Each structure stands twice: as C-alpha cells, then as structure tokens.
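Residue numbers (the working numbering): 71 to 328.
Each residue gets a CB set at the ideal place from its N, CA and C atoms; glycine is no exception.
The model shown is predicted, which means the values in this text are computed figures rather than measured ones.
For reference, the structure discussed in these notes is given below.
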C-alpha cells in the first residue's frame, strides 16, 4: 500500500490518502537521463552522465460531504501550499522516501464530480528522492549502511576531543577502504565543544560550537591537501574521529527513483 503526504516549511503535514482529499493518478516518479555521448566507430561512449528529476503530477479529489464542502477543503490545501518549500513524503513497502518540491501548477476547477472537486497538481522537484539516515554513539566511530549508488552528502559532528594548538584527524572507510581523511591544523578544542564537518550545506563548512556559545569557523584551519568532507557511499561507511567520546552522522541517501 503506497501513501503520499506533503509537509510544508512550518512543519504542518497534509495527508493525501484521506477519503476527504485523495491523491491519485500520479506520474513522474521516475527520472530522465541527461547524458552526453561520443561516437567511436560503431559504438557510443558516455562522455558525461547525469539525469533530471521529472515533475510529479496527479489529481487530488476533494470530497464534499455533510462535514465540509470540497471548496473549503481546497481552501485549506491552498493555504497549506503557501509555506514553501514542501517535502513530498512517499511511503511504500520499501521504506519512506522524501523529495523537496514546490507547487508548480494547481489546476483549480469547479465541482466536477458527484464526489466533489478533482484538482490537477504538478510539483517541481528541488532535490532527488532521499531517505534520511542517522547514527550516533558514545564512541570514536559510527557505521552507516547505504544501498544507494549516489554519493550522498552528510553532517559529521563530534565532541570530547581535547586539543591545544594541535592537529585533529577524522577518517572514513567504505567496505574497509579509506576514502577520506580530514585534518585540522593547530586547533584548540575543548571537551565540551561540538565540532561539525558538513558536506550537506552550501558552501561546505567546518566549525565548532562551544557549550552555550555561538559557532566559530574552523575552515581556514583545515588541511586543504585532504578531502576533508564526508559523503555516504554505497556499502558500509565507518566514520572515525581520533579522541572523540561522542560521534554523530546524519544525511540523506539519494535515489534517482524509488
């Protein structure tokens, strides 16, 4: 049984599987490949590969009954849509997947059915489909499993490290192979400072937040010869921070289609 919901920018959730307002005939749940090919004799080589998310469209039936009219239910939905961006939540037997969207088209009509008003809607994707993951531990490392072939941005944060004008190191392995090593050079960190290394923001960021304090950038202290910024890759991802007593990794596993 599949289920669609929308969540707006102020945290309100709108169920799209209710008998009062039912989303049906969905289209655009897949993707379109956007690749550049070069002909080599009788064969073609992929020069650049990519894809585009397709707009998601469908119909919402707003029902009229003794409790409320279809017009009133549509008005409530219209007000809900104003708080953008939205998150489309798609629940299927394989799990819960999200996509950041904005309403692109809403085809307002009059009552056009014996049940009520059937309204067309098109949602423009702002992201790929994603599944939210998080692992934390009172330890120097955590492990996250991913079944996505897409490198997925994440936030690595940790505390308990004590440094006084010394180097701080973090690493990541995937299926036992080191894929990232990051270093801060000559930093001073208190045990209560929370350090953040983030590839899930633009621009990427490295900073610390003291207990009860404000954030202070550490980006200029990073070793620019290292990759520094973590991503979640397909397989078993192990994130390790030397000297940490707490570590937390959270991110979005990205999918072209679900």
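For residue 242, the closest alpha carbon among the candidates 214, 153 and 129 is that of 214. Of the candidates 225, 208 and 285, 208 places its Cα closest to the Cα of residue 317. Non-local beta-carbon contacts of residue 196 in its own chain, meaning distances under 7 Å to residues more than five positions away in sequence, involve 155, 170, 171 and 172 in chain order. Assigned with DSSP and collapsed to three states, residue 86 falls in coil, not helix or strand. Between residue 236 and residue 257, the C-beta gap is smaller than 9 Å, which places the two residues in contact. Its Cα nearest to that of residue 239, the residue 299 stands out among 148, 299 and 327. Within the same chain, 83, 84, 85, 86 and 159 come within 7 Å of residue 75 by CB-CB distance, once the 5 residues on both sides are set aside.
By the neighbour-count definition (other C-beta atoms within 10 Å, threshold 16), residue 263 is a buried residue. Nearest Cα to residue 261 within the set 283, 232 and 255: 232.
Contact fails between the stretch 200-207 and the stretch 122-139, because fewer than three Cβ pairs, one in each stretch, are under 8 Å apart.
By the criterion of at least three beta-carbon pairs nearer than 8 Å, the stretch 281-291 is not in contact with the stretch 185-192. Contact between residue 224 and residue 143 is ruled out by a C-beta separation of about 39 Å, above the 8 Å threshold. Under DSSP, residue 173 forms a beta bridge with 193. In this structure residue 80 is exposed. Its beta-carbon is surrounded by fewer than 16 other beta-carbon atoms within 10 angstroms.
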